[in-house]
Amino acid sequence: MAAADLQVIIQKLRKLPEDYFQEEDTNAFVATCQKCLEEDQAALLLQIIQDEENQAIIRNSGWNLIGPVTSWFQKCPDDSHRKKLSLEMVNSLLQICNPKEVLLGILEHIDEAKGEDIPHVILFLLDPLQNVLLRLGHKKAYSLGVSLSTILAQLCFLPVPYTREQIKEDNHYLCQCCFALLQLTKPFVDVVAASEDCVKSSEVEELRKELVTFCYSFLKQPLLGAPLRIPPDSDDDDDDADDDDDDDTNPFYTFAKEIMSYLVLLGESLPNAFLKRVDVIQNLESKETPQEEEKYADESLACLSYLLFVHHIGIDDFPYVFGPSFVVKSNMEHIDVLLKRTEESVLTKGLELLESSLLRVENDSLHQDLFEIKAVLHVVLSLVKVMTLCPFENLRKTSLKMLQLLIDKFGAEGKYTLFRCVLKTSSHAGVEGYVIQNIKNQIDIALKGGTNNNCFVGPRLIPLLHIVLSLPDGAETDLLQTSDRIMASLNLLRYVFIRDKEVDNETGVWTELHRIEQDFLKPLHTGLNLSRAHYEAELRSTNEKKKGTHSKKPVCTVTAGGEMLPDMTPEMQLQVLQSALFTFDLMESVLARVEELVEAKLKSASEEKIGSSKDV
Numbered sequence: 181m182a183a184a185d186l187q188v189i190i191q192k193l194r195k196l197p198e199d200y201f202q203e204e205d206t207n208a209f210v211a212t213c214q215k216c217l218e219e220d221q222a223a224l225l226l227q228i229i230q231d232e233e234n235q236a237i238i239r240n241s242g243w244n245l246i247g248p249v250t251s252w253f254q255k256c257p258d259d260s261h262r263k264k265l266s267l268e269m270v271n272s273l274l275q276i277c278n279p280k281e282v283l284l285g286i287l288e289h290i291d292e293a294k295g296e297d298i299p300h301v302i303l304f305l306l307d308p309l310q311n312v313l314l315r316l317g318h319k320k321a322y323s324l325g326v327s328l329s330t331i332l333a334q335l336c337f338l339p340v341p342y343t344r345e346q347i348k349e350d351n352h353y354l355c356q357c358c359f360a361l362l363q364l365t366k367p368f369v370d371v372v373a374a375s376e377d378c379v380k381s382s383e384v385e386e387l388r389k390e391l392v393t394f395c396y397s398f399l400k401q402p403l404l405g406a407p408l409r410i411p412p413d414s415d416d417d418d419d420d421a422d423d424d425d426d427d428d429t430n431p432f433y434t435f436a437k438e439i440m441s442y443l444v445l446l447g448e449s450l451p452n453a454f455l456k457r458v459d460v461i462q463n464l465e466s467k468e469t470p471q472e473e474e475k476y477a478d479e480s481l482a483c484l485s486y487l488l489f490v491h492h493i494g495i496d497d498f499p500y501v502f503g504p505s506f507v508v509k510s511n512m513e514h515i516d517v518l519l520k521r522t523e524e525s526v527l528t529k530g531l532e533l534l535e536s537s538l539l540r541v542e543n544d545s546l547h548q549d550l551f552e553i554k555a556v557l558h559v560v561l562s563l564v565k566v567m568t569l570c571p572f573e574n575l576r577k578t579s580l581k582m583l584q585l586l587i588d589k590f591g592a593e594g595k596y597t598l599f600r601c602v603l604k605t606s607s608h609a610g611v612e613g614y615v616i617q618n619i620k621n622q623i624d625i626a627l628k629g630g631t632n633n634n635c636f637v638g639p640r641l642i643p644l645l646h647i648v649l650s651l652p653d654g655a656e657t658d659l660l661q662t663s664d665r666i667m668a669s670l671n672l673l674r675y676v677f678i679r680d681k682e683v684d685n686e687t688g689v690w691t692e693l694h695r696i697e698q699d700f701l702k703p704l705h706t707g708l709n710l711s712r713a714h715y716e717a718e719l720r721s722t723n724e725k726k727k728g729t730h731s732k733k734p735v736c737t738v739t740a741g742g743e744m745l746p747d748m749t750p751e752m753q754l755q756v757l758q759s760a761l762f763t764f765d766l767m768e769s770v771l772a773r774v775e776e777l778v779e780a781k782l783k784s785a786s787e788e789k790i791g792s793s794k795d796v
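For what it's worth, our numbering labels the leading residue of the sequence shown as 181, then goes sequentially.
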C-alpha cells in the first residue's frame with residue numbers, strides 16, 4: 181500500500197523542477213517513506229534512494245529520512261540484515277544530501293534518543309556522523325564541537341559499570357560508545373597534530389580548541405566516575421586479584437590513556453592544566469578568556485591530576501620540575517574537589533590522589549603555612565566526614581589511614597594546627613579521641629627530648645589541653661556519646677601526670693591543675709554519678725518489666741535519622757544498659773587513677789618542701 185503511494189508521489193515530483201517542489205509534497209514523500217519502513221519495505225526504499233532519477237527529490241528532503249531510518253533500525257538493533265540495510269540507506273543519503281542538513285538530522289536524532297535507545301542510536305550514527313563531518317571541509321570546528329557535546333550529554337545518562345563483571349558485560353554499552361567516540365575524533369586530532377605550531381591556521385586552531393574542550397569534558401564524564409582499578413569480584417580469591425592485570429583488561433584505563441595522549445597531540449600543556457585550578461584559586465592573571473576557561477572544569481582538572489600522579493598516565497610528557505611539597509600543595513585543590521563528592525569511585529580517586537601526593541614527601545616536613553590554603557582545611561574536614569558518614573567501610577578505613585598519614589607528614593607546628601582544627605570542628609567523639617591519642621604521642625616525643633618541638637610542651641601546649649580536657653555541656657554531657665573522647669582525655673592526663681614531675685612541669689599541666697579539676701575532673705565526677713544513677717534506675721525498671729511480662733515482646737522503639745529501627749526486646753535493652761554501666765566503670769577507674777596520681781604527686785611535693793625548710 182505504502183509502496184504504491186510512494187511511486188505516485190515520486191512520479192509527480194520527477195516531473196517538477198527542483199525549485200518548484202512544494203513543502204506539502206516533500207512532507208508527503210517523507211511520511212510515505214516512513215510508512216514503507218513500518219511495512220518492512222526497506223529494500224524498496226533503498227532502491228528509491230539510490231535511483232539516479234530520484235536524486236533531486238532525495239537532495240531536497242532526504243535528510244529528513246535519517247530519523248525514520250534510525251528508528252526502524254532501533255526496533256531490532258541486533259538484526260544484522262536490518263543494520264546493513266539501514267547503514268546503506270544513511271550512507272546513500274550522505275552522498276546525495278547537503279552535509280549540513282544531514283548533520284542536523286543526525287544530531288537531532290541523537291539528542292532525542294531516550295533510555296535504552298541512547299547507546300544504539302549513538303553506535304549506529306557515529307560512523308555516518310564522522311563521514312559527514314569530514315565532508316564539511318572548511319569551518320568544521322563548530323559542527324564538531326556541537327556534535328561532541330551532544331553525544332557526551334547523552335552518555336551521561338548511561339550507568340557506569342563498576343565491577344569486573346559489569347565492565348565485561350557492558351550491558352548499557354557505555355564502553356562501546358566511548359570507544360566509538362574516540363574513534364570519531366581521531367582523524368581530527370591527527371589533523372591538528374600534523375599542523376606545525378607556527379603555521380596553524382585559524383581553522384585548525386578552532387578545531388584544536390573544540391577537541392581540547394572535548395577531552396576535558398570526557399575526563400569529567402565518564403572517566404571521573406569510572407573505576408581505573410577494577411574492584412575484585414566477591415568470589416575472587418585475593419591471590420587471583422592482580423592490579424597489574426587491570427590495566428590491560430579495563431577499557432576505562434585505555435580510554436584514559438587515549439584522552440591524555442590526545443591532549444599532548446593537541447599541544448595542551450599538562451603542567452599548565454595541573455596548575456590551572458591553583459591559578460584560579462589564587463586569582464593569578466590568566467591569559468584564557470572566560471569562554472575558554474569554561475572547559476577547565478574543576479572535576480576535569482582533578483581527574484587529570486589523578487591520572488598523572490596515581491596511574492602515571494601522561495607523566496612522561498610532564499616535566500617533573502616541581503618539588504614534592506609543591507605537588508602536595510597544588511594537588512590539595514584537586515583532592516578537595518574529589519572528596520566533596522559522594523560517589524564511591526570519585527571518593528576513592530580523591531583518597532588515592534591524597535596518598536600518592538603525601539607519600540612523595542618525608543615525615544615531619546610539611547610546613548604549617550600549608551593551612552593558609554583553604555583547600556587543605558577542607559580536605560581535613562572531608563576526611564573526617566568520610567570516615568564517620570560514608571556508607572562504604574573500605575573508604576572509612578582508608579580515610580582514617582589518610583588522616584594519620586597527613587598528621588605524620590606535617591611538622592610540629594602543622595600537627596598542632598591540624599589537631600586544633602579537628603577538635604574545634606569535629607562533632608564525632610571517635611575522631612576526637614583518635615586525635616587526642618595523637619596529641620599524647622606528640623607530648624611523649626617532646627618530653628623525650630632531642631627534637632625542637634615546643635608545640636607540645638610548656639605554654640604552647642596549654643591552650644590545646646584546655647580544648648582536650650573539657651566537657652561540652654559540663655556535668656550534663658552525654659558521657660556515653662562522648663565516651664571515646666573522654667577516655668582518650670583521661671589516658672592523656674594520666675600519662676602526663678606519670679611522666680611529668682611537678683618540679684619539672686615541662687608540660688605546664690601542674691600550673692593548670694586547679695583549672696583542670698574545676699573544668700574537667702569535678703564535672704566528670706558529677707556526670708558519672710548522675711549517669712550511673714539514671715542507668716541503674718532504668719536497669720531495675722527493665723528487670724521488673726521483664727519479670728512481669730515473661731515474654732520477649734518489644735518494649736522499646738528506637739529511631740535513627742528519622743527511620744524506625746527494629747524494636748528492642750527486654751533482653752536487648754538489658755544488654756544496652758549493662759554495657760553503659762560497664763563504660764561508666766571504665767571511666768571511673770581511670771578517673772580514680774588520675775586523682776590518685778595528683779594526690780600522690782602533691783603530697784610528695786609538699787613533703788619535699790617541708791624537708792627543704794627543715795634543712796634551712
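Every residue gets a Cβ at the ideal spot worked out from N, C-alpha and C, and that includes glycine.
Who are the near neighbours of residue i in its chain, counting only those whose CB is closer than 8 Å to its CB and skipping five residues on each side?
i: V312; result: L274, P279, V282, L283 and I286
i: I276; result: I229, Q235, I238, R239 and G242
Quick one: Cα of residue i to Cα of residue j, how far?
i: L557; j: L598; result: 8 Å
i: I678; j: G613; result: 20 Å
i: E233; j: L193; result: 11 Å
i: V340; j: E523; result: 11 Å
i: E656; j: G707; result: 6 Å
i: A373; j: L538; result: 36 Å
i: K628; j: P639; result: 17 Å
i: H491; j: E268; result: 43 Å
i: E682; j: L782; result: 8 Å
i: K215; j: F209; result: 10 Å
i: Q622; j: L550; result: 20 Å
i: V508; j: L265; result: 56 Å
i: L332; j: S251; result: 21 Å
i: I302; j: K437; result: 22 Å
i: S381; j: K320; result: 13 Å
i: G295; j: H352; result: 10 Å
i: R576; j: C570; result: 6 Å
One question on the structure: do residue i and residue j come within less than 8 Å of each other, judged by their Cβ atoms?
i: S525; j: Y342; result: yes
i: F432; j: L408; result: yes
i: L364; j: Q310; result: yes
i: V862; j: T568; result: As displayed, the chain neither begins before 181 nor continues past 796, which places residue 862 out of reach and without an answer.
i: L531; j: L488; result: no
i: P402; j: L354; result: yes
i: H318; j: E386; result: no
i: A453; j: L484; result: yes
i: K604; j: L672; result: no
i: D297; j: Q254; result: yes
i: K589; j: S562; result: no
i: L527; j: L518; result: yes
i: L645; j: V689; result: yes
i: V444; j: D370; result: no
i: Q356; j: I290; result: no
i: I515; j: V559; result: yes
i: R546; j: G594; result: Reading off the sequence, residue 546 comes out as Leu, not Arg. The answer is yes: Cβ separation under 8 Å.
Quick check on residue i: buried or exposed, where buried means 16 or more other Cβ atoms within 10 Å of its Cβ?
i: Y200; result: exposed
i: A592; result: buried
i: P652; result: exposed
i: R695; result: exposed
i: T662; result: buried
i: E587; result: Inspection of the sequence shows that residue 587 is occupied by Ile rather than by Glu. Buried.
i: G242; result: buried
i: S188; result: In the sequence as presented, Ser is not what sits at residue 188; that position holds Val. So V188 ends up on the exposed side.
i: P197; result: exposed
i: D422; result: Since pLDDT at D422 reaches only 48, below the 50 mark, its modelled position is unreliable, and no value is offered.
i: A713; result: exposed
i: N574; result: exposed
Considering only residues of the same chain and omitting the five flanking positions on each side of residue i, which have a CB-CB separation below 6 Å?
i: F435; result: C358
i: K475; result: T393 and Y396
i: V564; result: S606 and V611
i: C388; result: One detail in the question is off: residue 388 reads as Arg in this sequence, not Cys. So the qualifying residues of the chain are V372 and L446.
Please go through the same chain and pick out, in chain order, the residues whose beta-carbon is closer than 7 Å to the beta-carbon of residue i, but skip the five residues on each side of it.
i: M440; result: L487, I493 and G494
i: V270; result: I246, V249 and P308
Is residue i near the ligand ZN - that is, is its Cβ less than 7 Å away from at least one heavy atom of it?
i: V282; result: For the structure depicted, the ligand ZN is absent and the ligand set is empty, with no information on it obtainable.
Three-pair Cβ contact test at 8 Å for the region 709 to 724 versus the region 666 to 680
Counting Cβ pairs under 8 Å, fewer than three are found: no touch.
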